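Undergrad:
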Amino acid sequence: FFKALLFLGSGAVIHGMHHEQDMRRMGGLWSKMKGVAILMWIGSLALAGIPFFAGYYSKDIILESAFGAESNLGYFAFWMGIAAALMTAFYSWRLLFMTFHMPFRGDHHAYEHVEKTPWTMMVPLIVLAVGAVFAGFVAHKAFVGDHWQNFWGEAIRIAPQHKALEHAHHSPLWVALLPAVVGVIGIALAWYAYMTTSRLPERLVAQHEPLYRFLLKKWYFDELYNAIFVRPAFWIGRQLWKKGDGKIIDGLGPDGVAATTVKAAKRVAALQTGYVYHYAFAILVGVVVFVTLKLTGVLR
38 FFKALLFLGS
48 GAVIHGMHHE
58 QDMRRMGGLW
68 SKMKGVAILM
78 WIGSLALAGI
88 PFFAGYYSKD
98 IILESAFGAE
108 SNLGYFAFWM
118 GIAAALMTAF
128 YSWRLLFMTF
138 HMPFRGDHHA
148 YEHVEKTPWT
158 MMVPLIVLAV
168 GAVFAGFVAH
178 KAFVGDHWQN
188 FWGEAIRIAP
198 QHKALEHAHH
208 SPLWVALLPA
218 VVGVIGIALA
228 WYAYMTTSRL
238 PERLVAQHEP
248 LYRFLLKKWY
258 FDELYNAIFV
268 RPAFWIGRQL
278 WKKGDGKIID
288 GLGPDGVAAT
298 TVKAAKRVAA
308 LQTGYVYHYA
318 FAILVGVVVF
328 VTLKLTGVLR
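Taking the working numbering, the leading residue of the sequence shown gets 38, the next gets one more, and so forth.
1) I'd like to check one pair, H204 with E107: are the Cβ atoms closer than 8 Å?
2) Would you mind sorting V151 into buried or exposed? The rule is 16 or more other CB atoms within 10 Å of its CB.
3) Mapping the DSSP letters down to three states, classify E107 as helix, strand or coil.
4) Between S95 and G173, how many whole angstroms is the CB-CB distance? I'm expecting something under 8 Å.
5) Quick one, which of G65, Y112, E101 has its alpha-carbon nearest M135's?
6) Look at the alpha carbon of G80 and the alpha carbon of K40, and state the distance between them as a whole number of angstroms.
7) Assign V335 to one of three DSSP states: helix, strand, or coil.
8) Would a C-beta distance cut-off of 8 Å place I87 and G220 closer than the cut-off?
9) Would DSSP call W116 helix, strand or coil?
10) Do A227 and R131 come within 8 Å of each other at the CB atom, strictly closer than that value?
11) What three-state label does DSSP hand W211 in the structure shown?
12) Just checking, does the stretch 69 to 80 make contact with the stretch 157 to 171 on the three C-beta pairs under 8 Å criterion?
13) Assuming the contact rule is C-beta atoms closer than 8 Å, L103 and G92 should be a hit. Round their C-beta distance to whole Å, please.
14) In angstroms, rounded to a whole number, what distance separates the CA positions of A306 and D282?
15) If you follow the alpha helix (DSSP H) that H145 is part of, which residue opens it and which one closes it?
16) Identify the continuous alpha helix (DSSP H) that holds L76 and give its terminal residues.
17) Output the boundary residues of the alpha helix (DSSP H) element that contains T157.
18) Kindly indicate the opening and closing residues of the alpha helix (DSSP H) around Q58.
19) Grouping DSSP H, G and I as helix and E and B as strand, with all else coil, what is D183?
20) Do I222 and L123 have their CB atoms nearer than 8 Å?
Structure (structure tokens):
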């Protein structure tokens, strides 16, 4: 529910901003799209794993199951999940602050013409927001709680030797609370970075310029992909087009035969001048050649 809510909420913002998708050109939309902002707040609270939203229950059982596996791999997955929860909360609230609460950073003409969200968009968002608030609380026990076997029946079966889900219900209290705690920390960090005068993002960029460029370029995956796959593919295609299609098919294939015939016809046509004395001269040459061949015994 909450992920769909955030996706559709983002679409509503893009629609209202006339297809602008760069958050760095947004801001101050709380006064223009308050309904969408509130609903995206709900989705972000759920995504951050704040009790007792739907995201809290879904994220909590995953992390508790990883911890309940009682293996090195399970503990590794648990701590990686905690780190991901922290970053998820930070970036989801960065989105909210940059879009709705920071000063507008785009063209003032675009801000003045922000479209109101139609009800055809608002109604699905409201339905999803209700699910983001209540779905986890209502369905938790049936889905993964004590009654999950009654709910799923034979649709989902867990082998007897796998006790992770069973152990998840007996996890230490700190394991259950840690996802919510790091979610709050992520939200607080986003608020400090973007809603105060700390200018933390600018200071971090100034201090770590190479790292910033590396991350801004998405680890240079696009450049590597272009160098390894795209450019060689274009080169191969160009060679096939110029040499394969242009020279072989057009030069030796049906087009080549047709072109040769046309050239030969043009040369033969050049002999057809239309002057009688040219034809008489050609006849004379032919007679001379014929008589010569006859006299020399070539023709019998």
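Backbone N, C-alpha and C fix where the C-beta goes; we use that ideal spot for every residue, glycine too.
A quick note: this is a predicted structure, and the numbers were derived from the prediction, not measured.
TA: Working from what's here:
1) Translated into positions along the sequence shown, residue 107 becomes position 70. Translated into positions along the sequence shown, residue 204 becomes position 167. Going by C-beta atoms, E107 is nearer than 8 Å to H204.
2) If you number the sequence shown from 1, residue 151 lands on position 114. Counting Cβ neighbours within 10 Å, V151 comes out buried, since at least 16 surround it.
3) Sequence index remark: in the sequence shown, residue 107 carries index 70 (1-based). In this structure, DSSP gives E107 a state outside helix and strand, which the three-state scheme calls coil.
4) In the sequence shown, the residue the question calls residue 95 occupies position 58. In the sequence shown, the residue the question calls residue 173 occupies position 136. The beta carbons of S95 and G173 sit about 6 Å from each other, so the pair counts as a contact at 8 Å.
5) Here residue 135 is taken as the residue at index 98 of the sequence shown, counted from 1. Closest by alpha carbon: G65.
6) Walking along the sequence shown from the start, residue 80 turns up at place 43. Walking along the sequence shown from the start, residue 40 turns up at place 3. Rounded to the nearest angstrom, the two C-alpha atoms are 7 Å apart.
7) Within the sequence shown, the letter at position 298 stands for residue 335. Note: V335 maps to coil in three-state DSSP.
8) Reading the sequence shown from its first residue, position 50 is the one you call residue 87. Reading the sequence shown from its first residue, position 183 is the one you call residue 220. For the pair I87 and G220, the CB atoms are nearer than the 8 Å cut-off.
9) Indexing the sequence shown from 1 puts residue 116 at position 79. DSSP places W116 in helix when its eight states are reduced to three.
10) The residue labelled residue 131 in the question sits at position 94 within the sequence shown. The residue labelled residue 227 in the question sits at position 190 within the sequence shown. Yes. Within cutoff.
11) For this step, residue 211 is matched to residue 174 along the sequence shown. Here DSSP, grouped into helix, strand and coil, assigns W211 to helix.
12) With the cut-off at 8 Å, the stretch 69 to 80 and the stretch 157 to 171 touch.
13) Translated into positions along the sequence shown, residue 103 becomes position 66. Translated into positions along the sequence shown, residue 92 becomes position 55. In the sequence as presented, Leu is not what sits at residue 103; that position holds Ala. That pair is no contact at about 16 Å.
14) Counted from its first residue, the sequence shown places residue 306 at position 269. Counted from its first residue, the sequence shown places residue 282 at position 245. Computed Cα separation, rounded: 30 Å.
15) Counting from one through the sequence shown, the residue named residue 145 turns up at place 108. Where H145 is concerned, the enclosing alpha helix (DSSP H) stretches over 145 to 149.
16) One-based indexing of the sequence shown puts residue 76 at position 39. Element bounds for L76: 71 to 84.
17) As a position in the sequence shown, residue 157 is number 120, starting the count at 1. Bounds of the alpha helix (DSSP H) holding T157 are 156 to 180.
18) As a working note, residue 58 is residue 21 in the sequence shown. Judged by DSSP secondary structure, Q58 falls outside any alpha helix (DSSP H); it is assigned neither H nor E.
19) Taking the sequence shown and counting its residues from 1, one reaches residue 183 at position 146. Of the three classes helix, strand and coil, the one that applies to D183 here is coil, per DSSP.
20) The residue given as residue 222 occupies position 185 in the sequence shown. The residue given as residue 123 occupies position 86 in the sequence shown. Yes, the pair counts as a contact, with Cβ atoms nearer than the cut-off.
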